[in-house]
Every structure is written in structure tokens, then in C-alpha cells.
Amino acid sequence: MQRIRWRRGTVTATGRSWRDALELTVEVPGDGEVRSLAHPSLVGVPEIGDEVLLNTTAWAQRLGTGGYALVVAVPDRLPPDPTGPGHLVKARYTPMQVSVQGVDEQETEHHDTIAAAEDLGGMPVVVADLHSALPAVLIGVFATDPDLKVAYVMTDGGALVAGFSRTLHTLTPSLAGVVTVGQAFGGDLEAVTLHTGLLAARHVLGADVAVVTQGPGNLGTGTPWGFSGVAAGEACNAVSVLGGEPIGALRISDADPRPRHRGVSHHSLTAFGRVAMAGVTLVAPRGLGSELGQQVEEDLAGQPERNRVVWVDVDGLDEALQLSPVTLSTMGRGWPEERAYFLAAAAAGRYAAVRVPLPEEA
């Protein structure tokens, strides 16, 4: 049974580029002009006139975030062999597996730091199940304390390649760094596990606050447990084990047409309420309006005793979100249509900012 839709085509135009991504238009016999994407660190830089080998599986399905045809190779102009260090293999045993240098492997300058690190020193860690929450969380942090250092820890539930995210490309100046963990790769630092990724955020990047989400491209099946965001609960467990403070950014909506995602999404209720076994602080924003606010309160009433629900004032956050340096968008809906979603993420960032331990406490 074949699992990949293979095509050959000719590059006819190049488009936007960011971080480690280059948009292309590729003329494919039988398919016409195909919207394509190359990751230069993997395949080199395709040029107009190059013949490229494409994986068009996602493009043919007309998927959203990941609906590109992906350049697998430029057969007639292969890139040079890698010369850098590192023996961590990510995307293992797939045709596109890559070797990177991990912050936690023996040959790196940071190995001793990670080996000696015992905990996060109470660092607040905001956990969200969607990548689209990241800019709003940052806005909430910096609107509260612009001097804090924030690191992003990207898990592998969505995109594996950090360079795919235009959001990260724009937010780079605002971040202390990006750590890609598990099978995800392309961050400023690479780590084998979420645990060492969190320790790297704290002890190598010097972060005051960390944000954990999957990369772009959430996967869900409309079943109680079949969604990639369930890993948000496991992330909270990792934070707790390491002596950090897990803070849940709730997925709240009154715009989503699907009943399971209205009010507090079942994704949040499941990941934080049933998977995060050590407890997590769930942040709900004030100012949602009486009807939605009441629904959120009712949805959170069934949380286990180990989870604490806090309501956070949102003064100034609407204005800050309107000035976002990246376009706020989730599930194809933006600001202000999904105001509640982005306000909830920003409120979680605000709460994290006020929970940063004082130096003597840390």
C-alpha cells in the first residue's frame, strides 16, 4: 500500500522565505501549478528551472496549515554534505531523517549544565495545545512585564520543522530562544526530551518563563482522546516533575461551530483535567461577557481538586492583542472573531509573568 503521492515538477517561481522555509510554485504535469514548500537546510535552495521531487500527499488533500507540496529533493543539484556536529537523529527512520546536535548530548558545551540541572526553580511554564496560542501568550507576558525573558519549547505533535512557522520567524527577536524537543527539530537548541528541553530553556537560555506548545498543524479526529493536544497534559506532568509551575492556557471559543469546542474546549478539559495528574493552574480571563463567562465557569466546575482555577483581569490586553506583530489566527479565524481564545492565552501569559520567582526564591 502506497502512503506518499509522488510527483516531479519544474520550479516556475519563488515566493516568500522565512526562518528555514521557502515557498515555490512548481509546474507539475497533470496537476498544473502546485503551491510548494522547501526547507533549505534539508534539500538546498531550489531555483527557477530546477526539476524537483515532490511529496504532494497533503496538497492533494487540501489540508489547511500543512497543505503544501513538500520538496523532497532537487535531484540534479544536491546540497553539500553536512559538516556540523551532532548525532541526535530526528524524524527517525523516515526518508527525511536528519542529524542535529542536542543540547543534552555529551559533546556539547551545555552537556554538563544539563547533566547537573535538577529542577526549574519554580519557573512558570505556560502550556497550550495549539501553536496559535504562542503570540497571545507572549503578548500577555510582555504587557505585564516587558523585561522578562521567555523561551519557547516546541513539541512534536504538529509540524516537526520549526522553520515552517512564520509566527516563530516574526517573534524571534522577542524570544530568548526556541528549543525543539522529541522528533521536532530546527530550534536554536535541540533536545531529546521535553524534560531536557525545559531544563535548557531555564539553565541555558536563562528564561524566566517558558511556553510549551506543539508546532503548527494540530491533528484531531473528533474523538475524546484522538487529538495531538492531549500531550499538553503530559507537558504539565513534566513541568511538575521538574519543579516548575504548570499554567494551562485554556482553549475557549464562542465562534467555533463545533459544540465540543465551544466554551472551554474538550481538548483543554481532557488534557488538563484527566492527563495532568500533578495539577495545573487553569487561567480564565475576565471580560468574556456574561453568557460565555458563565459557560466557562460551568465548564471548569468539574475540574479535579488538584487543579486550581484563577480568573485574571485583562485590562490592556485587548489593546495589546490588536497590536500583535503577527496575524492572530486559529482554525482559520482571527481577531476579533476569536477574541475569547486569544484573550485566554494572553491572560495565561499575564499570570505567568506575575508568578516568576524572585531571585532569592529561585
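Quick note: the sequence shown, position 212, residue 211 per numbering that gives the first Met the number 0, numbers continuous.
For every residue, glycine included, the Cβ atom is placed at its ideal position computed from N, Cα and C.
Bear in mind the structure is a predicted one, so any value in this text is a computation, not a measurement.
Distance, residue j Cα to residue i Cα
i	j	result
H86	Q302	43 angstroms
R165	L357	34 angstroms
S277	M330	The amino acid occupying residue 277 in the given sequence is Ala; Ser does not appear at that position. Whole-angstrom Cα-Cα distance: 30 angstroms.
A346	R307	15 angstroms
P284	R7	50 angstroms
L147	G348	11 angstroms
T24	Q100	32 angstroms
D317	L137	13 angstroms
A12	Q96	27 angstroms
L299	P335	24 angstroms
V33	P81	29 angstroms
R15	L327	19 angstroms
R305	E244	13 angstroms
W5	T93	15 angstroms
H130	T212	6 angstroms
P258	A343	18 angstroms
P28	A158	28 angstroms
G176	E108	17 angstroms
A132	E296	21 angstroms
W17	H110	30 angstroms
D253	E104	45 angstroms
Residues sharing a beta bridge with residue i, DSSP
i	result
Y151	V177, V210
T9	E26, E50
F184	V160
T280	I246, R307
S323	For S323, which the question treats as bridged, DSSP gives no partner whatsoever.
I251	V263
G31	V27
S16	L21
A68	S35
G101	E189
G219	F226
V88	S98
R349	Paired residue(s): none; R349 is not in a bridge.
P74	In the DSSP output, where bridge partners are listed per residue, P74 has none listed.
R338	For R338, which the question treats as bridged, DSSP gives no partner whatsoever.
Among the options, the one whose alpha carbon lies nearest that of residue i
i	options	result
D207	V229, A248, G121	G121
C235	P79, G272, R257, P223	G272
V279	E106, R261, V240, D314	V240
G228	P335, G205, L249	L249
G156	A231, E50, V203	A231
E337	V353, P324, R349, L320	L320
T195	R332, E26, M153	M153
F163	T326, L69, E32	L69
T220	L193, V191, H260, S35	H260
A37	G31, Q1, P78	P78
T192	W224, S289, V238	V238
D255	V33, S323, R332	R332
G315	V33, W334, A142	A142
V180	V10, V102, G288	V102
S323	E108, V313, F341	F341
D144	L198, E117, S173, R257	S173
D118	A339, G83, A200, L287	A200
Q1	W17, V27, N54, S35	N54
G381	V263, A339, V282, V311	A query on residue 381 cannot be resolved here, the shown segment of the chain reaching from 0 to 361 and no further.
A115	R91, A175, H202, I47	H202
V274	V10, E233, V313	E233
I113	D30, A90, G205, F226	G205
G262	V282, G292, L281, V27	G292
D312	E290, G286, E296, Q294	G286
L281	E296, G225, V309, P84	V309
A190	R76, K89, Q294, D30	K89
G83	R91, S98, L197	S98
L197	D75, V160, E106, G242	G242
Residues of its chain near residue i, where Cβ-Cβ distance is below 7 angstroms and the 5 sequence neighbours each way are ignored
i	result
P39	D19, L21
A351	P123, V125, V140, V208, I246
V73	V42, G43, P45, D49, V51
Q353	Rather than Gln, the amino acid found at residue 353 in this sequence is Val. Within the same chain, V353 has close Cβ partners T143.
R76	G43, D49
Spatial neighbours of residue i in its chain, beta-carbon cut-off 6 angstroms, leaving aside the 5 residues before and after
i	result
S267	L249, R250
T9	E26, E50
A150	A175, G176, A200, L204, A206, A209
V71	L52, N54
Q294	G262
V160	H38, G185
Sequence-distant residues of the same chain with beta carbon closer than 8 angstroms to residue i, five excluded per side
i	result
V325	P134, R165, T166, T169, L170
P223	H265, T269
G66	R34, A57, W58, Q60
I47	V10, T11, A12, T13
Note to self: With a threshold of 8 angstroms, are at least 3 pairs of Cβ atoms found where one atom belongs to the segment 119 to 138 and the other to the segment 184 to 192?
What the structure shows: Under the three-pair Cβ rule at 8 angstroms, the segment 119 to 138 does not count as touching the segment 184 to 192.
Next item on the list: Specify whether the segment 214 to 223 and the segment 60 to 79 touch according to this definition: at least 3 beta carbon pairs, one from each stretch, less than 8 angstroms apart.
Entry: Between the segment 214 to 223 and the segment 60 to 79 there are three or more C-beta pairs closer than 8 angstroms, enough to call the two in contact.
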